[in-house]
Amino acid sequence: MSKVTVVGSGVMGKGIAYAFAISGYKVHVHDINHAILESAKKEIHALLGGSFEKGFLTEEIYQSAKDNLVFEPDLQTAAAGAELVVEAVLERMDVKLEVFKQLDQICPPETVLATNTSTMSPTEIGAQTSRPEKVIAMHFFNPVHKMKLIEVIRGLETSEETVNFIHKTAAKINKKTVEVNEFPGFVTSRMNCLIGNEAMNLLMEGVASAKDIDHAMKLGLNHPMGPLELADLVGLDTRLRNMEYLHAALGEKYRPCPLLVKYVKAGRLGKKSGRGFYEYN
Ligand code: NAD
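Counting from 98, one number per residue, gives the positions in the sequence shown under our numbering.
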């Protein structure tokens, strides 16, 4: 059985671990924060249970997925012998570089190291390792169990073999892929961050309420979710980091909305903290 390691068990790591576990992979999940790792275990098990009860998973898949998941506080143990490591730690280049340096030392040379970054350069990350040809961005979408796409971004040195491996792996976990040339924000984050930021500017300027902005985008422009609801789901701290990176890389158009900055300062991080543009129980 192939082993996949997921590093970071926050919003995305949980979903990525779930997707691999229901597809027959042995999944080792790691987080630097033990409390977050414990709650990830509870939440993934609850998601598995809910999917089984609703008939989305057979009993066999539900049981094997639970058996295949290991929650491991030690990175060395979690990553040893993995075929693929997917990094889903917070969107900060310094943190990602440190994680990849460690993974490069722990994992055998054949292990592919993928980052789930929304905006950043797999070339820069790969350059910190002795295997840049095995480093790639594998950008999942939130919530992972519902979203079909993985954006695949090759770094300057990423090999064809690695790109093909990621396409094949994506198919095994029932996802579709698009391939994108490396550029800050790729396709999806570059566009989505701008739409979300403009929605926040509209709210800040008093043009419409959060609810009406989201309704307008859903009912008028056929977006499945409103941009403010979506920002809450992503996490406003994560979205702010995305905007800051894009602002530095691409210029003024991506300056983060001051309201977003203020919300993050106040600890209003969206759904994960219970309050963002909306309130959650
Ligand atoms: P999050 O803040 O929910 O989770 C990040 C986790 O990383 C935390 O649990 C934290 O404890 C852990 N972590 C931090 N440093 C670590 C380290 N050195 N080793 C191990 N774990 C560490 O963030 P998220 O929303 O899950 O985002 C993770 C990545 O996925 C980011 O790069 C983000 O841009 C990207 N992404 C996010 C979304 C989204 O909708 N939230 C969508 C696509 C991609």
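Where a beta carbon is used, it is the ideal one built from N, C-alpha and C, also for glycine.
Predicted, not measured: the structure shown is a model, and the values here were computed from it.
Spatially closest choice to residue i from the options, by CA coordinates
i: V284; options: M235, H127, E248; result: E248
i: A268; options: G293, A116, P355, G107; result: A116
i: L166; options: D329, K359, S99; result: S99
i: E184; options: F237, E349, K272; result: F237
i: G323; options: D311, P219, G317; result: D311
i: A307; options: T274, L356, T255, V101; result: L356
i: V108; options: A137, Q202, K350, M301; result: A137
i: E195; options: A224, S215, Q160; result: A224
i: G282; options: Y351, F149, G364; result: Y351
i: V361; options: T226, N271, E341, M314; result: E341
i: N213; options: G364, E180, G178, N239; result: N239
Cβ pair residue i, residue j closer than 7 angstroms
i: A175; j: E169; result: yes
i: G112; j: V241; result: yes
i: L210; j: V192; result: no
i: N294; j: C354; result: yes
i: G317; j: V186; result: no
i: D329; j: F374; result: yes
i: I158; j: A114; result: no
i: V124; j: A118; result: yes
i: T216; j: S148; result: no
i: G252; j: P219; result: yes
i: F197; j: T226; result: yes
i: L246; j: K273; result: yes
Rounded Cβ spacing between residue i and residue j (contact assumed at less than 8 angstroms)
i: V126; j: G110; result: 7 angstroms
i: G367; j: G332; result: 5 angstroms
i: I263; j: I233; result: 6 angstroms
Separation of residue j from residue i, as counted between CA atoms
i: Q173; j: T208; result: 14 angstroms
i: K139; j: S120; result: 19 angstroms
i: R189; j: R338; result: 7 angstroms
i: C290; j: N378; result: 26 angstroms
i: M297; j: L327; result: 12 angstroms
i: A345; j: R336; result: 14 angstroms
i: V260; j: V304; result: 45 angstroms
i: D382; j: I129; result: As shown, the chain starts at 98 and ends at 378. That puts residue 382 outside it, with no answer to give.
i: D201; j: K231; result: 10 angstroms
i: M235; j: E376; result: 31 angstroms
i: L254; j: K243; result: A small fix is needed here, since residue 254 is Glu in this sequence, not Leu. Looking at the two C-alpha atoms, the distance is approximately 32 angstroms.
i: K265; j: S256; result: 14 angstroms
Where residue i sits in the DSSP three-state scheme
i: V278; result: Inspection of the sequence shows that residue 278 is occupied by Asn rather than by Val. Strand, per DSSP.
i: F149; result: helix
i: H312; result: helix
i: V126; result: strand
i: T109; result: Looking at the sequence provided, one finds Met at residue 109 rather than Thr. Helix at M109.
i: M235; result: strand
i: F262; result: helix
i: G223; result: helix
i: R287; result: helix
i: A75; result: For the chain, the structure presents residues 98 to 378; residue 75 sits outside this window and is missing.
Interface flag, residue i vs chain B, CB-CB below 7 angstroms
i: S136; result: Absence of chain B from the displayed structure is noted, only one protein chain being present.
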